[in-house]
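For reference, the structure discussed in these notes is given below.
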Amino acid sequence: QTVIQIAAKAISVVIGIVTIGALTRYLGQEGYGNYTTVISYIFFFAVFADLGLYLVTLSEIGKSDTDQLSLFSNAFTIRLCSSILTLIAGAVLIIVFPYPHVVKQGVAIVCFSILANLLDQMDMIILQKNLKLIWSAAAEVSGKLVILAGTLIAIWKGAPLTVIFIVVVFGYAIHFIINFTGARRILPFTLRFDFPVWKRILLTSWPVALSGMFVIIYFKADTILLSLLRPAETAQREVGIYGAPYKVLEVLITFPSLFLGMVMPHLSSAYATADRARFERIFQKSFDLLTLITMPLIAGTLVLAEPLMVSIAGRDFVSSAPVLKILIVATGIIYLTHLSVYGVIATQQQKRMMPFYIVAAVGAVTAYVLTIPRWSYFGAAWTTVAVELFIGLAATRIVWRLMNPHLILNVLLKATLASVLMALVIYFLHPNLLTGLAIGIAVYTLALLLTKGITKTQLTEMLQWRPLPPAPEPPA
218 QTVIQIAAKA ISVVIGIVTI GALTRYLGQE GYGNYTTVIS YIFFFAVFAD LGLYLVTLSE
278 IGKSDTDQLS LFSNAFTIRL CSSILTLIAG AVLIIVFPYP HVVKQGVAIV CFSILANLLD
338 QMDMIILQKN LKLIWSAAAE VSGKLVILAG TLIAIWKGAP LTVIFIVVVF GYAIHFIINF
398 TGARRILPFT LRFDFPVWKR ILLTSWPVAL SGMFVIIYFK ADTILLSLLR PAETAQREVG
458 IYGAPYKVLE VLITFPSLFL GMVMPHLSSA YATADRARFE RIFQKSFDLL TLITMPLIAG
518 TLVLAEPLMV SIAGRDFVSS APVLKILIVA TGIIYLTHLS VYGVIATQQQ KRMMPFYIVA
578 AVGAVTAYVL TIPRWSYFGA AWTTVAVELF IGLAATRIVW RLMNPHLILN VLLKATLASV
638 LMALVIYFLH PNLLTGLAIG IAVYTLALLL TKGITKTQLT EMLQWRPLPP APEPPA
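Numbering of the sequence shown is given in my numbering, commencing with residue 218 and proceeding in unit increments.
Shown next as structure tokens:
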């Protein structure tokens with residue numbers, strides 16, 4: 218199942234990058250800046266509709282005493298109602314912002330795609346819980362293909378940006394329909410208005426919801442503030458320069474979210490049954506797998522940033538390469554520390570993260586306001602790195618104090634050494650992009666094998682995630 222999902226994610230990443238390349242070349246820096254502003258703005262509002270439902274439902278549904286049908290039906294209904302109300306508010310409020318008319322039109326259109334995305338996240342809970350990931354794999358690839366095909370047709374016809382936004386809506390709709398069909402075959406949920414259940418869900422989810430609001434402030438406020446704090450004549454162009462590598466970051470971080478979504482029910486089950494050894498074993502395997510991906514990703518991007526950006530977005534975006542080098546560090550931090558972030562949810566320690574999210578949000582906005590007017594997207598990028606590091610360390614501290622997993626760092630050390638060697642070889646050979654990638658993969662793999670950084674048995678164990686059996690009751 219994991220292999221299927223990773224393969225689908227890899228395909229969707231390639232499709233997503235091709236789509237980014239088509240958009241950046243067609244729209245240019247300013248046009249892509251408008252596109253990025255619309256997406257960032259509406260996602261900023263979308264988090265208010267989340268209400269913490271995804272993570273809480275994912276955690277609760279793995280417990281043996283949960284009425285899955287009642288829980289999920291009511292959670293899905295709450296998500297539908299909150300999504301409609303919040304997105305309407307976002308579409309109305311855009312009127313007061315000093316954005317170009319095309320941005321305001323785009324927000325009104327993209328609201329529908331975000332509605333589909335918010336509901337689709339709930340469907341994924343059922344698919345992840347039961348490891349029926351062929352549905353999500355098909356949805357992922359199909360939705361991305363629709364967006365790519367529609368985008369290419371729009372470009373061929375010389376269509377305006379608003380048409381591309383409509384294409385995005387269709388892509389998200391296809392994604393939702395496929396996952397919705399698969400989820401209802403497993404659990405025939407319906408809309409339910411059991412208000413006592415709503416109350417119980419919301420009382421559990423509000424810390425996650427509040428945390429999510431602070432998270433989105435530091436995760437999306439950079440683009441919005443960049444569009445507002447820079448001079449009007451250059452703001453959208455600078456958003457475009459920043460938005461292209463930032464989109465690469467967003468594409469890349471979907472993998473740990475997907476992977477950890479499969480891992481978290483296992484962590485929750487181990488915690489609920491007080492099985493510390495199982496919790497530690499799952500945590501270690503997950504960390505090792507993420508490490509093997511993270512270190513070469515950072516090292517390779519640092520030495521190939523310029524040809525990567527030119528290849529992805531075109532020569533107009535060569536100025537985005539230094540930004541990509543900074544943001545890939547933030548990406549690596551997310552890969553290595555979000556296991557702890559998900560561990561906080563699995564161990565029901567959301568409230569303990571609240572002060573850290575508040576500090577991160579306030580600190581990020583303060584840093585953005587201070588650095589963006591002077592250093593533009595460089596200030597935004599370095600602030601993103603600092604905030605992600607702060608949140609990751611805070612989550613790690615909480616999980617360590619509660620569960621104290623004895624994490625072995627052998628794989629991290631060997632993956633780091635192999636990645637440094639890979640980067641040095643690429644740097645001194647100065648190959649083109651494709652040759653550099655091929656050399657990098659070969660050197661990294663050979664170095665790992667020689668140092669026994671990973672064995673076939675270990676890799677097989679990491680990739681084996683089976684459906685959870687009914688969890689026994691916690692000991693008294």
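Ideal placement from N, C-alpha and C gives every residue a C-beta, glycine not left out.
Being a predicted model, the structure only gives us computed values, none of them experimental.
Beta-carbon proximity check, residue i vs residue j, cutoff 8 angstroms
i       : j       : result
Gly-307 : Val-456 : no
Arg-493 : Met-620 : yes
Leu-507 : Leu-541 : no
Ile-364 : Val-385 : yes
Thr-613 : Gln-453 : no
Ala-714 : Ile-562 : Past the edges of the chain, shown from 218 to 693, lies residue 714, and the structure says nothing about it.
Ala-426 : Gly-549 : no
Ser-537 : Gly-609 : no
Ser-422 : Val-273 : yes
Leu-650 : Pro-462 : no
Tyr-258 : Val-324 : yes
Gln-285 : Leu-404 : yes
Leu-634 : Thr-662 : no
Val-602 : Ala-547 : yes
Leu-332 : Ser-300 : yes
Ile-640 : Gly-517 : The question names Ile, but residue 640 is Ala in the sequence shown. The answer is yes: Cβ separation under 8 angstroms.
Phe-436 : Phe-293 : no
Buried versus exposed, by CB contacts within 10 Å (16 or more), residue i
i       : result
Ile-515 : buried
Ala-227 : exposed
Ala-487 : buried
Ala-584 : buried
Pro-684 : Residue placement at Pro-684 cannot be trusted, given a pLDDT of 40 that sits under 50; the coordinates are not used to answer.
Arg-296 : buried
Pro-686 : The pLDDT assigned to Pro-686 is 36, lower than 50, so where the model puts this residue is not dependable, and the model offers no usable value.
Val-212 : Outside the displayed range of the chain (218 to 693) lies residue 212, so it cannot be described from this structure.
Ala-225 : buried
Pro-691 : Low confidence applies to Pro-691: its pLDDT is 31, below 50, so where it sits in the model is not reliable, and the reading given next is rough at best. Counting Cβ neighbours within 10 Å, Pro-691 comes out exposed, since fewer than 16 surround it.
Ala-577 : buried
Asp-337 : buried
Pro-315 : exposed
Asp-439 : buried
Val-520 : buried
Trp-352 : buried
Val-313 : exposed
Pro-689 : Per-residue confidence for Pro-689 stands at a pLDDT of 33, beneath the threshold of 50, marking its modelled position as unreliable; the derived number appears in the next sentence. Exposed.
Thr-564 : buried
Ala-491 : exposed
For residue i, the nearest candidate out of the options (CA to CA)
i       : options                               : result
Leu-302 : Asp-267, Phe-436, Ile-510 and Val-561 : Asp-267
Ile-551 : Leu-484, Phe-476, Phe-261 and Arg-447 : Phe-476
Leu-344 : Gly-460, Lys-631 and Gly-399          : Gly-399
Asn-627 : Ala-563, His-555 and Lys-502          : Lys-502
Val-560 : Leu-427, Thr-600, Leu-484 and Val-309 : In the sequence on display, residue 560 carries Gly and not Val. Ranking the options by Cα distance to Gly-560, first place goes to Leu-484.
Ile-434 : Ala-611, Thr-600, Val-230 and Leu-240 : Thr-600
Val-231 : Ala-489, Lys-464 and Phe-573          : Lys-464
Lys-361 : Val-235, Ile-510 and Pro-539          : Val-235
Leu-630 : Ile-608, Leu-665, Pro-622 and His-623 : Leu-665
Tyr-389 : Gly-367, Arg-401, Gly-375 and Ile-372 : Gly-367
Pro-622 : Ser-636, Val-604, Phe-496 and Ser-536 : Phe-496
Phe-329 : Ile-383, Leu-663 and Leu-606          : Ile-383
Ile-458 : Val-642, Met-526, Pro-448 and Ser-300 : Met-526
Val-289 : Tyr-271, Met-481 and Ala-449          : Note on identity: in this sequence residue 289 is Phe, with Val being the wrong assignment. With distances taken between Cα atoms, Phe-289 lies closest to Tyr-271.
Ser-229 : Phe-504, Leu-624 and Glu-357          : Glu-357
Ser-428 : Tyr-574, Ile-223 and Val-586          : Tyr-574
Ile-311 : Leu-348, Trp-352 and Ile-256          : Ile-256
Ala-581 : Val-604, Lys-416, Lys-374 and Leu-240 : Val-604
heavy atom of the ligand GTP below 7 angstroms from residue i C-beta
i       : result
Phe-504 : The model depicted lacks the ligand GTP and carries no ligand whatsoever.
Supposed close pair residue i, residue j - CB separation, criterion 8 angstroms
i       : j       : result
Asn-291 : Arg-409 : 5 angstroms
Pro-513 : Gly-657 : 7 angstroms
Ile-544 : Leu-442 : According to the sequence provided, residue 544 is Leu. The question's Ile does not apply to it. The Cβ separation is near 16 angstroms, so there is no contact.
Val-468 : Gly-238 : Not confirmed; about 12 angstroms, so no contact.
Leu-244 : Val-319 : With a Cβ gap of about 11 angstroms, Leu-244 and Val-319 do not count as contacting.
Phe-397 : Asp-340 : 5 angstroms
Ser-287 : Asp-411 : 7 angstroms
Ile-278 : Lys-321 : Ile-278 to Lys-321, Cβ: 39 angstroms. No contact.
Leu-606 : Phe-504 : Not really, about 17 angstroms apart at Cβ, beyond 8 angstroms.
Val-642 : Val-660 : 5 angstroms
Pro-448 : His-555 : That belief does not hold up - the Cβ atoms of Pro-448 and His-555 are roughly 36 angstroms apart, past 8 angstroms.
Ala-376 : Leu-509 : Incorrect: roughly 42 angstroms between the Cβ atoms, too far for contact.
Chain D contact for residue i (CB, 8 angstroms cutoff)
i       : result
Met-570 : No chain D is part of this structure, which consists of one protein chain only.
Exercise for the section: Flag this pair as touching only if the segment 561 to 573 and the segment 529 to 544 have three or more C-beta atom pairs under 8 angstroms; answer yes or no. Expected result: no
Under 8 angstroms: do the segment 613 to 627 and the segment 461 to 480 share three or more Cβ pairs, one atom per stretch? Touching, no.
>> Does the segment 255 to 271 come into contact with the segment 389 to 399, if we say contact requires no fewer than three beta-carbon pairs (one atom in each stretch) closer than 8 angstroms?
In response: No, they do not touch.
Using a Cβ distance threshold of 8 angstroms, determine whether the segment 640 to 652 contacts the segment 589 to 599, with at least three qualifying pairs required.
no
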